[in-house]
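One structure below.
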Amino acid sequence: MKDKKTEEVRESLRQRILTTFSHRQPDRCVTYIWINDDTMKKLMQYMKVNSPEQVEEELGIDKWKSVEPKISKPNDYQKRIDSLIPSQYKDNERYYIASDGRVIRIHEGTDYLEDTVWYPLGKIDKAKELGIYPFLQPDWVKMYDDLKDKMRRYKERGFIVSGGIDQPFKSAWLMRGMDNVLMDYLINPDLINQIYEKIYSFDTAYCTALVKAGVDMIMIVGDLGMQNGLMMSPSVWRKFDKERMRKLISRLKEINPELKMYMHTDGDVREIIEDLIEIGIDILNPIQPECMDPVEMKREYGDRLVLHGAVSLQKTLPFGSPEDVKEEVRYLIKNCNINGGFVLGPSNVLFKEIPPQNIVAMYQAVY
């Protein structure tokens, strides 16, 4: 027999996030955590708990869960990928081969710092050469039989359920290298247009499957910004991405008008925020305080855009005291958690050099 009181609590956990997303005032500020494995282990030791779930429970962090459909690749997919890899990177313990064909070198002593040293499409310069690469195809997206049921169970436990894709710009440079893609925009538009068509075709099928299965939110993840502005000019982003992304979002919101669209991009992206709102982005992560003042952002966009994550990862969290962290959190809640539309958390992933007591202080200050 289900405990009615427990059901009501779980409903309120989920409802708090939905209320915030709808720009209505929640009972308290919504929170999230973004943390790598090393830092979580250190935090668990500090808090004397045995699991990440216990950390989240004790700190009162709101509940988020991500799901994904199955990608049913053909039998020769990996063989085609492997055939592209230069021999010097094979069977070399200094490198590993990503599933998309990139060759990656890991920095010693970490589990989160790495460099891509070779890209599978890095040497081509003509669109007709794209045939060497096995792009993901829309009809490879398959639904797990129990995915809808899994999401229903998550929602019953109070979770907001999401799924997502890489920023198409990121997908392109992961195949081709960032320098190449930025140059392609200007000197090889036919090539990048054809790459984008393949990326957006797959992404549309992938996200459509997730929305039909019942996710609350679709996440588009990948950086467009640096701390002093966009990586490309606003006009370039508008030319190559804006209308394609508008079409994708429109398709998804036709299926579920209540769907929330979340975009993660580091850096200062103020030059295109009005564009993002126009095409249907509902939530922006992070609000990086070193280059986008959260209070000014709330004043300018807060009734149209949910601000997600704003506690300084460059200053306060690594170098401040617990009281400094609490003071920043209280300031953000006072000035940004107005009529909802604000989710409190770090402005990027929590790394192990951050004192665990500062992480605890960030969430304690919410209550």
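Residue 1105 is where the sequence shown starts when you use this note's numbering, and the numbers rise one by one after that.
We treat Cβ as the ideally placed atom computed from N, Cα and C, and that holds for glycine.
- prompt: Which two residues bound the contiguous alpha helix (DSSP H) that contains residue 1172?
  reply: Counting along the chain, residue 1172 falls outside any alpha helix (DSSP H), and DSSP gives it neither H nor E.
First through last residue of the beta strand (DSSP E) which encompasses residue 1266: Looking at the DSSP string, the run of the beta strand (DSSP E) that includes residue 1266 is 1264-1270.
* Asked: Does the distance from the CB of residue 1433 to the CB of residue 1410 come in under 8 Å?
  -> No, the Cβ-Cβ distance between residue 1433 and residue 1410 is not below 8 Å.
Just to confirm the assignment, what range does the alpha helix (DSSP H) spanning residue 1428 have? Element bounds for residue 1428: 1426-1440.
Quiz item: Would you report the Cα separation of residue 1106 and residue 1259, rounded to the nearest angstrom?
Solution: Confidence is the limiting factor: at residue 1106 the pLDDT is only 44, short of 50, which leaves the residue's position unreliable, though a coordinate-based value still follows. Going by the C-alpha atoms only, they are around 15 Å apart.
Notebook entry, point to check: Just how far apart, CA to CA, sit residue 1368 and residue 1328?
Noted result: Near 9 Å, if we compare the C-alpha coordinates of residue 1328 and residue 1368.
TODO: Following the continuous alpha helix (DSSP H) through residue 1218, name the residue where it begins and the one where it ends.
DONE: Bounds of any alpha helix (DSSP H) do not take in residue 1218; it lies within the beta strand (DSSP E) bounded by 1218-1222.
task = Please report the residue range of the alpha helix (DSSP H) in which residue 1353 lies.
result = If you look at residue 1353, you'll find it in the alpha helix (DSSP H) that goes 1347-1359.
By the three-class DSSP mapping on this structure, what secondary structure does residue 1329 have?
Here residue 1329 sits in strand by DSSP.
| field | Rounded C-alpha distance that separates residue 1184 from residue 1359 | value | Taking the straight line from one Cα to the other gives about 35 Å.
task = Check whether the Cβ atoms of residue 1312 and residue 1356 sit closer than 8 Å, and answer yes or no.
result = Against a cut-off of 8 Å, the Cβ pair of residue 1356 and residue 1312 comes out as a contact.
### Query
In angstroms, rounded to a whole number, what distance separates the CA positions of residue 1118 and residue 1262?
Roughly 5 Å between the two C-alpha positions.
6 Å Cβ shell around residue 1277 - same chain, five flanking residues per side excluded:
Listed in chain order, the non-local C-beta contacts of residue 1277 below 6 Å within the same chain comprise 1285, local neighbours out to five positions each way being set aside.
Given a threshold of 16 other Cβ atoms within 10 Å of its Cβ, counted over all protein chains shown, does residue 1211 qualify as buried or as exposed?
-> Residue burial is scored here from C-beta neighbours: residue 1211 has fewer than 16 other C-beta atoms within 10 angstroms and is therefore classed as exposed.
Quiz item: Based on Cα-Cα distance, which residue from 1231, 1305, 1255, 1224 lies nearest to residue 1281?
Solution: When the alpha-carbon of residue 1281 is set against those of 1231, 1305, 1255, 1224, the nearest one is in 1224.
#### Entry: Closest residue to residue 1267 among 1233, 1300, 1322 (Cα-Cα distance)
Nearest of 1233, 1300, 1322 to residue 1267, Cα basis: 1322.
- Query: Whole alpha helix (DSSP H) runs in the stretch 1177-1218 with 4 or more residues, listed along the chain?
  - Reply: 1181-1188, all fully within the stretch 1177-1218.
* Asked: Is the stretch 1125-1142 in contact with the stretch 1453-1468, if contact means three or more CB pairs nearer than 8 Å?
  -> Contact holds: three or more Cβ-Cβ distances are below 8 Å.
| field | Proximity to residue 1151 [Cα-Cα], best of 1460, 1468, 1467, 1466 | value | Of the candidates 1460, 1468, 1467, 1466, the one whose C-alpha sits nearest the C-alpha of residue 1151 is 1460.
Which residues does DSSP pair with residue 1450 in a beta bridge?
Its beta-bridge partners are 1415.
DSSP three-state call for residue 1237: helix, strand or coil?
-> Correct three-state label for residue 1237: coil.
Notebook entry, point to check: Does DSSP put residue 1148 in a helix, in a strand, or in coil?
Noted result: Note: residue 1148 maps to helix in three-state DSSP.
Exercise. Do you know whose CA, among 1291, 1272, 1288, 1130, lies nearest residue 1302's CA?
Worked result: Restricting attention to 1291, 1272, 1288, 1130, the CA atom closest to the CA of residue 1302 is found in 1272.
- prompt: Helix, strand or coil for residue 1410 per DSSP?
  reply: Strand at residue 1410.
Exercise. Are the beta-carbon atoms of residue 1336 and residue 1289 separated by less than 8 Å?
Worked result: Yes, they are a contact pair.
Practice item. Pick helix, strand or coil for residue 1456, following the three-state DSSP scheme. Key: Residue 1456: coil per DSSP, three-state reduction.
message: With H, G and I counted as helix, E and B as strand and the rest as coil, what does DSSP make of residue 1106?
response: In this prediction, residue 1106 has a pLDDT of 44, which is less than 50 and means its spatial position is unreliable; what the coordinates show is noted afterwards. Reduced to three states, the DSSP call for residue 1106 is coil.
How many angstroms separate the CA atom of residue 1120 from the CA atom of residue 1175? Residue 1120 and residue 1175: Cα-Cα distance of roughly 33 Å.
Requested in this report: Measuring alpha carbon to alpha carbon, tell me which of 1230, 1227, 1228, 1207 ends up nearest residue 1219.
Outcome: Comparing Cα positions, the closest option is 1207.
- Query: In whole angstroms, what is the alpha-carbon distance linking residue 1442 and residue 1315?
  - Reply: Each residue's Cα considered, the two are about 29 Å apart.
Fill in: Minimum C-alpha distance to residue 1236 - residue among 1242, 1243, 1228
Ranking 1242, 1243, 1228 by Cα distance to residue 1236 puts 1228 first.
List the whole-angstrom C-beta distance separating residue 1295 from residue 1230, where the pair is believed to meet the contact cut-off of C-beta under 8 Å. Taking 8 Å as the upper bound for CB-CB distance, residue 1295 and residue 1230 are in contact here, some 7 Å apart.
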